[in-house]
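Peer 1: Mind looking over this structure? Questions follow.
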Amino acid sequence: MPVEGFAAQLIAALEEAQTAASQPKPAHLLAQAAYEKLQFDFPVVSEAELAALVGEFASGKRQGVTARFLAVLRENAGAAAGGSGDAGASGSSGPAPAAAGAGSSAASGQGSSGSGQGVVPLYQHLYAVAVLQTLQCCLEAPEAAAAAAQLAGLIPHDNAGSGSLFGAEGSSALEAALAAAVEQQGAAGDRSELEHRLSQQEDDGSFSYEPLEAAPPPAQQPAAQGAVGGQPAGGPEAGSSVGAALPAQLAELAGHLSYHCMSEASAWRELRLMQRVAACLAAVRRHPSLPDMAAVAQPLLRLAVDHCVAAPAELEAGLPALLDALGATAQGSSSGVAGAKAPANQQNSRAAGAATEAAAAELVIEAAVALAAQVTAPSARRRLWQETHQRLLPLAAQQLEQQQVELARQARAAASKAGGAAGGAAGAAGGAQPSAQQLYSIMLACQLLYFFVLQAPPGFATTTAAGSSGGGAGGAGGSRLQEAFLRGGLLRSLVLLFIQLGAQPGAEPLRCALLLACTAAQPLADWAVAVPGFTAAVAAPELGPGGAAQLHGTLWSVLLGGGGSALAALLGGATPADKVPAVFQALQLMADVQAVARRPLWDAEVAAALRRLGDTLRQQYSKPQDEPRLADAAASSGQAAAGAPDSGEGQAEEGPAGQEERADAAKLALSAEEQAARLAARRAQQLQPACLKLVKDLLQRGGGSGKHD
């Protein structure tokens, strides 16, 4: 061939290749290229490739993720969030993936995964939709084997036995199989044959290469290998084992949810992430064993709560969607289980239904309590209070009633074992010791009630002319707050639980909830006093002087007309400095009690104690300690002990760095008691302004007269 002809053909081929490269690639090719690149560290992925992969996950065309894929995405999305903060709060977001649809196609441009600011939001889009879409598909899969096949890439390929000599990182499936064969043959002591066969796989006898792709163990093999019709290769036994392991695999995937890597506002808006979270929760709610799926539901709820806290406007539509997904109705029972007729085995069905109801209610209440603790916007708190009143209050009443009945049953069982009337009386008086889970469920509901009473609108607690509580406490008049606690046995459960657990160290939310409710509506306090055992519970040693919960005993004394002398004596303990944190907590509870009472509570004795407390705080903790003087003294003593000269000229020449070293050495030279005292004094100085503000508010609104600056 002539040279001229060959050159012409070469030029034509190059031009054709250049033209083909300039043409936009189909979206599925871009998505596949992005997925393959994201399996390795430091991927170089263009915006078009990322957008195409986002579109495939969002449309459901691509399912399944690997641990390496999620790790790379998390690293890039997390680095983006760390640099820019919450996108929803700042209002700044990167370019939205306009070409994220399944049918989009664009030219592949230059873009780096680690530094390009245009790629930063896309990583968060991709990370969010990949985790949520895969989780939703697995939860809604009709068969456990299909879901397990999608999650096989998340399980680390640790094929070595725990007792094998070859259990180090990098062992292959063949090594594990050989080790198992030797163990089955009973040759546990002589491994020379196994070591010889393993050494033949290596290039030399000293270096072992890391296997690039190790075959997954049989439990993680796709269902298509050795299976017909999508059934596991091992038959029904293998299928049951896959189903039993599925909750742990789903929990592993849900554990990748992190708002730090999904805070991009455009991702929540364009990909409808809140709706995806709600769909996942609804699928969890329909699971036959909801208590086993708590590890899947909790990360989903935590993600939704974090988003509502960062973007309070999302609470308007997001909270009802979450409550609907978990089956929380206005009647207080979750839909679908309790109302259905029981099958042949009624007891097992009812027990499973009760466990499902309790698990769903606990998840809902847990999310509401988290929102109440973190949401600060007034409009968002009002919306949360409305949902609590309409839908969550009955759930809390059911939870408390169930736990109270169970504790009473346990007390009777313990009393019957002890035998005799004395044992029965001791059991009824609170001898039942709740489990950690029981105590958690009770205190969670009580925290929700505390928020409900504290955030109630002023008109909600106002006494009306004609009571509507249906003959309850209050007679001819009552308030809507009073009616809410009397309806459904909520107050009854609180009082009985207080009698049983009021002296428990971990029952602080229970004590606070009952105290706040009875303060907000005096008829509720009268109702509680009429219950046998309540007066004795209030007079328990733990609530008396010197007890761990003595503050509650003093506040009950004020509420029930016993005077404020005990409370005044308690407020006098602002010295030494390590008592200031307890004083701060006492002032906070007193402020909440005063806020819901909406009437003067403190008599002249308490007001005088508050003034003395303010004076003590101002005199003792207004000025910082003379730490340089103490540091110099300690440093001088250290130098003297070491035989070093202590001259002012040497200190002047050492400079700021040397002075900092001397200060650090002085702190280390202090004894443990001296360090604890200095830390307590510093903490007291930090709490002093807040304590003084609380004292001033209590004096102005709680019955104290005169200005107290």
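The sequence shown runs 1 to 709 under UniProt numbering. Here a beta-carbon is modelled for each residue, glycine too, at the ideal position from N, C-alpha and C.
(1) Report all residues from its chain with a CB closer than 6 Å to the CB of Ala-397; omit the five preceding and five following residues, and keep chain order.
(2) Note down the Cα distance separating Pro-299 from Ala-254, rounded to an integer number of angstroms.
(3) Is it a yes or a no for the segment 602 to 613 touching the segment 530 to 550, going by three-plus beta-carbon pairs under 8 Å?
(4) Using the Cβ count rule (16 or more neighbours within 10 Å means buried), how would you classify Gly-55?
(5) Measuring CA to CA, which of Glu-15, Ala-295, Met-274 and Arg-480 is closest to Val-305?
(6) Based on Cα-Cα distance, which residue from Asp-578, Gly-553 and Pro-576 lies nearest to Ala-568?
(7) Could you have a look at Leu-560 and say whether DSSP puts it in helix, strand or coil?
(8) Check the C-beta distance from Ala-503 over to Ala-540 and give it rounded, since I have them as a contact under 8 Å.
(9) In or out: Ala-142 buried (at least 16 other Cβ within 10 Å) or exposed?
(10) Tell me whether the beta-carbon of Gly-546 lies closer than 8 Å to the beta-carbon of His-260.
(11) Measuring only the C-alpha atoms, how far is Asp-41 from Phe-69?
(12) Just to confirm, are Cys-137 and Leu-250 a CB contact at a threshold of 8 Å?
(13) Nearest-angstrom Cα distance between Tyr-440 and Glu-406?
(14) When the Cβ atoms of the segment 452 to 461 are set against those of the segment 510 to 518, are three or more pairs found closer than 8 Å?
(15) Are there 16 or more other CB atoms within 10 angstroms of the CB of Arg-480, so buried, or fewer, so exposed?
(16) How many angstroms separate the CA atom of Pro-458 from the CA atom of Arg-272?
(17) What does the Cβ neighbour count give for Gln-675, buried or exposed, with the cut at 16 atoms within 10 Å?
(18) Rounded to the nearest angstrom, what separates Glu-508 and Ala-148 at their Cα positions?
(19) Comparing alpha-carbon positions, which option in Leu-73, Leu-303 and Asp-292 lies nearest His-125?
(20) Suppose you measure from the CA of Asp-664 to the CA of Arg-678; what does that come to, to the nearest Å?
(21) Does the Cβ-Cβ distance between Leu-497 and Leu-400 come in under 8 Å?
(22) Do Leu-444 and Pro-314 come within 8 Å of each other at the CB atom, strictly closer than that value?
(23) Got a sec? Which residues, its chain only, sit under 8 Å from Ala-377 by beta carbon, not counting five neighbours each side?
(24) For Arg-383, count neighbouring C-beta atoms within 10 Å of its own C-beta (all shown protein chains included) and say buried if the count is 16 or more, exposed if not.
(25) Count the other CB atoms, across all protein chains shown, that sit within 10 Å of the CB of Phe-57; report buried if there are 16 or more and exposed otherwise.
(26) Alpha helix (DSSP H) containing Glu-36: first to last residue?
(27) Let me know the secondary structure DSSP gives Trp-268 once reduced to three states.
(28) Is the beta carbon of Val-277 sitting closer than 8 Å to the one on Leu-371?
(29) Determine the direct distance from the alpha carbon of Thr-134 to that of Arg-599, and round the result to whole angstroms.
(30) Would Ala-244 pass as a contact of Pro-291 if the rule is Cβ separation under 8 Å?
(31) For Val-558 and Gln-686, what's the separation of their Cα atoms in angstroms?
(32) Anyone know if the C-beta pair for Leu-571 and Leu-613 falls short of 8 Å?
(33) Near Leu-14, which residues of its chain fall below 8 Å by C-beta distance, leaving aside the five closest residues on each side in sequence?
(34) So Gly-153 and Gly-60 are supposed to be a Cβ contact under 8 Å. How far apart are they, rounded?
(35) Buried or exposed, going by whether 16 or more other CB atoms sit within 10 Å of the CB of Thr-462?
(36) So Val-131 is in the alpha helix (DSSP H); what residue range does that whole segment cover?
Peer 2: In short, the structure shows the following:
(1) Gly-488 and Leu-490
(2) 6 Å
(3) no
(4) buried
(5) Met-274
(6) Gly-553
(7) coil
(8) 5 Å
(9) First, the residue type needs correcting, since residue 142 is Pro and not Ala in the sequence shown. The residue in question, Pro-142, is exposed, as its Cβ has fewer than 16 Cβ neighbours within 10 Å.
(10) no
(11) 9 Å
(12) no
(13) 14 Å
(14) yes
(15) buried
(16) 37 Å
(17) exposed
(18) 43 Å
(19) Leu-73
(20) 14 Å
(21) yes
(22) A small fix is needed here, since residue 314 is Glu in this sequence, not Pro. No, the pair does not count as a contact, with Cβ atoms beyond the cut-off.
(23) Pro-312
(24) buried
(25) buried
(26) 27 to 37
(27) helix
(28) no
(29) 55 Å
(30) no
(31) 30 Å
(32) yes
(33) none
(34) Contact doesn't hold; Cβ gap of about 18 Å is too wide.
(35) exposed
(36) 120 to 139
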